[in-house]
Amino acid sequence: MSRRFGELAFLLLAYFIAGKLGLRLAFVNASATAVWPATGIAVGGLLLLGRGAWPAIFIGAFLTNLLTAGTTFTSLGIAAGNTLEGVVAAYLIERLAQGRRFLLRPRDVFRFTGIAAAATTLSATLGVSTLMLGGLAAWTTIGPIWLTWWMGDMAGCLLVTPLIVSWAATSSGEWTKARAAEAFALSALAAATAFAVFGPALSISAGSSLEFLCFPTLLWAAYRFGPRATTLALASLSAVASLSTLHGFGPFAGKSPNEALLLLQAFMIVSAATMMSLSAVVAAHRRAVQDLRVIHRQLEERIDRRSAELAAIVETSLDAIIGTDAEANIRSWNSGAEQLLGYALEEVRGRSITLLAPPGREEEVARAFETARTGMSEYYETQRLCKNGDLVDVSIIISPVRDASGEIKGFSAIYRNIARRKRAERELGRKTEELMRSNSELSLFASIVSHELQEPLRKIIAFGDLLTQSDSATETQRAGYVKRMQDASRRMQRLIEDILDLSRVTTNARPVEPVDLGEVAEEVAADFKSRFEHVGARIETAALPVVLGDPFQVRQLFQNLIGNALKFRDKERPLVLRISELARADGFATFAFEDNGIGFEPEHAQRLFKPFQRLHRRGEFEGSGMGLAICQRILLRHGGAISARGELGRGATFEVTLPWSEKIAQAAAEALAAQGKSASPPA
Numbered sequence: 050m051s052r053r054f055g056e057l058a059f060l061l062l063a064y065f066i067a068g069k070l071g072l073r074l075a076f077v078n079a080s081a082t083a084v085w086p087a088t089g090i091a092v093g094g095l096l097l098l099g100r101g102a103w104p105a106i107f108i109g110a111f112l113t114n115l116l117t118a119g120t121t122f123t124s125l126g127i128a129a130g131n132t133l134e135g136v137v138a139a140y141l142i143e144r145l146a147q148g149r150r151f152l153l154r155p156r157d158v159f160r161f162t163g164i165a166a167a168a169t170t171l172s173a174t175l176g177v178s179t180l181m182l183g184g185l186a187a188w189t190t191i192g193p194i195w196l197t198w199w200m201g202d203m204a205g206c207l208l209v210t211p212l213i214v215s216w217a218a219t220s221s222g223e224w225t226k227a228r229a230a231e232a233f234a235l236s237a238l239a240a241a242t243a244f245a246v247f248g249p250a251l252s253i254s255a256g257s258s259l260e261f262l263c264f265p266t267l268l269w270a271a272y273r274f275g276p277r278a279t280t281l282a283l284a285s286l287s288a289v290a291s292l293s294t295l296h297g298f299g300p301f302a303g304k305s306p307n308e309a310l311l312l313l314q315a316f317m318i319v320s321a322a323t324m325m326s327l328s329a330v331v332a333a334h335r336r337a338v339q340d341l342r343v344i345h346r347q348l349e350e351r352i353d354r355r356s357a358e359l360a361a362i363v364e365t366s367l368d369a370i371i372g373t374d375a376e377a378n379i380r381s382w383n384s385g386a387e388q389l390l391g392y393a394l395e396e397v398r399g400r401s402i403t404l405l406a407p408p409g410r411e412e413e414v415a416r417a418f419e420t421a422r423t424g425m426s427e428y429y430e431t432q433r434l435c436k437n438g439d440l441v442d443v444s445i446i447i448s449p450v451r452d453a454s455g456e457i458k459g460f461s462a463i464y465r466n467i468a469r470r471k472r473a474e475r476e477l478g479r480k481t482e483e484l485m486r487s488n489s490e491l492s493l494f495a496s497i498v499s500h501e502l503q504e505p506l507r508k509i510i511a512f513g514d515l516l517t518q519s520d521s522a523t524e525t526q527r528a529g530y531v532k533r534m535q536d537a538s539r540r541m542q543r544l545i546e547d548i549l550d551l552s553r554v555t556t557n558a559r560p561v562e563p564v565d566l567g568e569v570a571e572e573v574a575a576d577f578k579s580r581f582e583h584v585g586a587r588i589e590t591a592a593l594p595v596v597l598g599d600p601f602q603v604r605q606l607f608q609n610l611i612g613n614a615l616k617f618r619d620k621e622r623p624l625v626l627r628i629s630e631l632a633r634a635d636g637f638a639t640f641a642f643e644d645n646g647i648g649f650e651p652e653h654a655q656r657l658f659k660p661f662q663r664l665h666r667r668g669e670f671e672g673s674g675m676g677l678a679i680c681q682r683i684l685l686r687h688g689g690a691i692s693a694r695g696e697l698g699r700g701a702t703f704e705v706t707l708p709w710s711e712k713i714a715q716a717a718a719e720a721l722a723a724q725g726k727s728a729s730p731p732a
């Protein structure tokens with residue numbers, strides 16, 4: 050509260066002192082003067098302290114007039130006009146000209162000038178009217194008094210208000226030694242110019258119009274130092290010029306004191322409006338430059354951050370991102386390219402990108418870059434040559450890189466490793482092919498099954514009809530019919546069992562594990578021992594590997610192949626079946642079942658593995674023709690294979706391939722050693 054009271058008291062005192070000094074220059078009327086800085090104090094004080102400070106202005110104006118030449122009535126009327134002038138000016142400046150910031154923009158300076166002219170018109174009109182009503186002025190003097198009043202208020206507002214507002218604001222400038230020296234030089238030159246133009250030193254005659262020699266220093270202040278220096282220079286020039294003019298010096302001397310002061314105030318009003326506008330233009334320009342610098346710096350920082358982000362994205366990308374010049378020579382190379390292709394950047398920088406093309410595919414690269422030179426991106430899939438000589442499946446996008454003018458200055462090449470996708474596509478193609486083959490085989494199998502099952506079924510139906518329809522058949526004939534129906538039923542049962550065995554290869558499959566083929570061969574040979582001894586046959590088994598398979602199905606494979614050899618033995622000589630290993634390569638082991646049986650003609654080798662296919666009449670050999678088909682299905686399920694070769698009358702050999710590896714064999718050997726057994730050593 051005390052601070053507010055002190056501010057109002059100071060404003061009242063400043064107004065009173067300025068008013069008393071101004072009225073000392075009242076020549077046309079004791080209450081009208083051409084020099085009235087009190088208006089500037091009033092408007093500036095209300096802008097700084099708020100329009101609520103108007104009582105200080107009113108009291109100051111009342112006391113100034115009452116203690117000078119006015120009556121109570123005229124002093125109250127003039128005080129009311131002076132107060133209304135200040136309140137209206139402050140209100141309009143706040144609403145229309147950014148308030149205390151009106152010196153920062155040219156349009157606000159223009160608005161401030163217009164507001165000052167309008168507000169001072171109120172004061173001059175009310176003041177002159179009060180003097181006329183109070184009998185302190187004659188009607189014939191209204192014009193000179195009003196003009197003097199208005200010019201004094203207008204000049205005071207334009208010179209003092211900006212001075213108060215600008216110096217009350219916090220300075221944002223930094224003073225260096227060079228700037229301080231420049232300010233000192235400006236002050237010295239401004240003072241010298243003011244005293245030269247308006248002082249007695251050069252004895253410039255009245256009407257010489259040399260007052261405009263003061264403009265260069267005012268321009269210097271406005272352009273280099275902004276609103277503060279400009280308002281200070283204007284106020285200082287006004288003070289020097291007013292004192293000199295009153296003493297009869299300068300271009301405005303030689304007339305009556307009031308007329309000389311009016312001419313001076315007109316010059317100062319024009320100078321103030323012009324220089325403050327220029328100062329605002331310069332200030333706005335500097336703020337714009339500063340804002341542009343800030344924006345430029347922010348943009349640079351954003352660009353740097355964005356560039357760093359893009360660089361990080363490029364560098365950490367799993368894709369190979371390669372930059373080339375316009376001639377397709379490599380310039381940049383990210384870590385993804387190094388990982389994919391094996392080269393470091395130093396090894397490929399400056400070399401043609403055709404370095405990465407497999408032999409014979411250089412034209413493919415040239416065609417892709419020719420398309421990119423037209424401004425279009427090129428996408429294709431191919432293979433690229435790694436440093437170690439391997440080929441890798443990749444998808445490639447070649448895109449042009451343009452400079453600011455739109456010219457193509459280079460190219461970007463993005464290589465994506467699609468080896469996994471290609472493998473999946475190949476696997477899908479293989480499985481599709483297998484599915485188509487399986488469907489074809491299934492269709493054929495269904496046809497064969499239908500044919501094979503219908504044959505015994507027709508016999509059952511036929512002999513059943515004979516039993517029910519033939520009354521003349523003897524008991525012996527009826528017994529024969531029944532026996533044939535039973536034989537047909539047994540054959541149908543065997544066919545169904547063989548079909549189920551074939552289907553169980555995939556439906557009842559077990560997980561694969563290491564299987565010692567030597568141990569399987571011994572166990573199956575033991576199962577066939579009595580049958581082999583009965584016909585005088587023997588099995589010779591060599592060392593066999595450990596493979597990866599389904600133990601149950603591998604055992605069934607051996608049973609079918611050994612049983613097949615026993616079935617198709619030559620009755621004229623003892624059967625000898627040799628089971629031996631042939632080779633181990635590329636992760637597979639190949640072993641053979643070689644017999645000296647009846648053999649077969651080589652052109653029938655593929656027929657052996659088809660369901661229900663027989664090379665002999667049904668009565669010559671037992672069986673349904675499904676044994677070898679089951680063997681082939683087992684091996685296909687394991688990713689292996691089976692083939693046959695033979696010669697009629699000289700025996701047959703079946704070669705079997707199953708997955709094998711050194712690691713599997715070693716693990717099996719260690720396991721068997723722990724059990725006190727031995728496995729076939731790795732080849």
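The numbering of the sequence shown is the working numbering, which starts it at 50 and goes up by one. C-beta atoms are modelled at their ideal positions from N, C-alpha and C, and glycine is treated no differently.
On the criterion of 16 or more Cβ atoms from any shown chain inside 10 Å, does residue i qualify as buried, or is it exposed?
i: ALA168; result: buried
i: THR365; result: exposed
i: ARG433; result: buried
i: PHE54; result: exposed
i: SER215; result: buried
i: ILE628; result: buried
i: VAL338; result: exposed
i: GLN605; result: buried
i: THR121; result: exposed
i: THR517; result: exposed
i: PHE233; result: exposed
i: GLU350; result: exposed
i: PHE301; result: buried
i: THR123; result: buried
i: THR20; result: In the structure as shown, the chain begins at 50 and stops at 732. Residue 20 is therefore absent and cannot be evaluated.
i: ARG479; result: exposed
What would DSSP say about residue i, mapped onto helix, strand or coil?
i: VAL136; result: helix
i: ILE628; result: strand
i: GLN147; result: coil
i: ARG682; result: helix
i: TRP216; result: helix
i: ASN378; result: strand
i: ARG355; result: helix
i: LEU593; result: coil
i: THR242; result: helix
i: ALA728; result: Here ALA728 scores only 45 on pLDDT, less than 50, and its place in the model should not be relied on; the value that follows carries that caveat. ALA728: coil per DSSP, three-state reduction.
i: GLY337; result: The residue asked about is misnamed: residue 337 is Ala in this sequence, not Gly. Note: ALA337 maps to helix in three-state DSSP.
i: LEU615; result: helix
i: ALA406; result: coil
i: SER401; result: strand
For residue i, which residues does DSSP report across the bridge?
i: ALA369; result: TYR464
i: TYR428; result: ILE446
i: PHE658; result: None, per the DSSP bridge assignment.
i: ALA9; result: The first residue shown for the chain is 50 and the last is 732, placing residue 9 beyond what the model contains.
i: GLY459; result: ASP374 and VAL450
i: ASP565; result: VAL595
i: VAL441; result: ARG433
i: ILE318; result: According to DSSP, ILE318 bridges with nothing at all.
i: ILE691; result: VAL705
i: ILE588; result: LEU626
i: GLU696; result: GLY700
Any chance the CB of residue i is under 7 Å from a heavy atom of the ligand FAD?
i: ALA332; result: Among the components modelled here there is no ligand, and therefore nothing to report on the ligand FAD.
| the region 199-209 contacting the region 311-320, beta-carbon criterion three pairs below 8 Å | yes
| field | Inter-stretch contact at 8 Å, needing at least 3 Cβ pairs: the region 574-589 / the region 616-628 | value | yes
| Any alpha helix (DSSP H) of 4 or more consecutive residues that is wholly inside the region 251-290 | none
| query | Three or more beta-carbon pairs under 8 Å between the region 409-426 and the region 385-395, yes or no? | reply | no
| Contiguous alpha helix (DSSP H) assignments of at least 4 residues, all confined to the region 60-124 | 87-98 and 103-115
| field | Segment contact flag, the region 54-66 with the region 166-185, C-beta cutoff 8 Å, min 3 pairs | value | These segments do not touch.
| Enumerated in chain order, which unbroken segments of the alpha helix (DSSP H) with a length of 4 residues or greater are wholly contained in the region 139-212? | 155-183
| said: For the structure I just gave you, are there three or more beta carbon pairs, one from the region 345-359 and one from the region 434-447, closer than 8 Å? | reply: no
| Does the count of Cβ pairs from the region 124-144 and the region 158-175 closer than 8 Å reach three? | yes
| query | Hey, is the region 368-380 in contact with the region 459-466, meaning 3+ C-beta pairs nearer than 8 Å? | reply | yes
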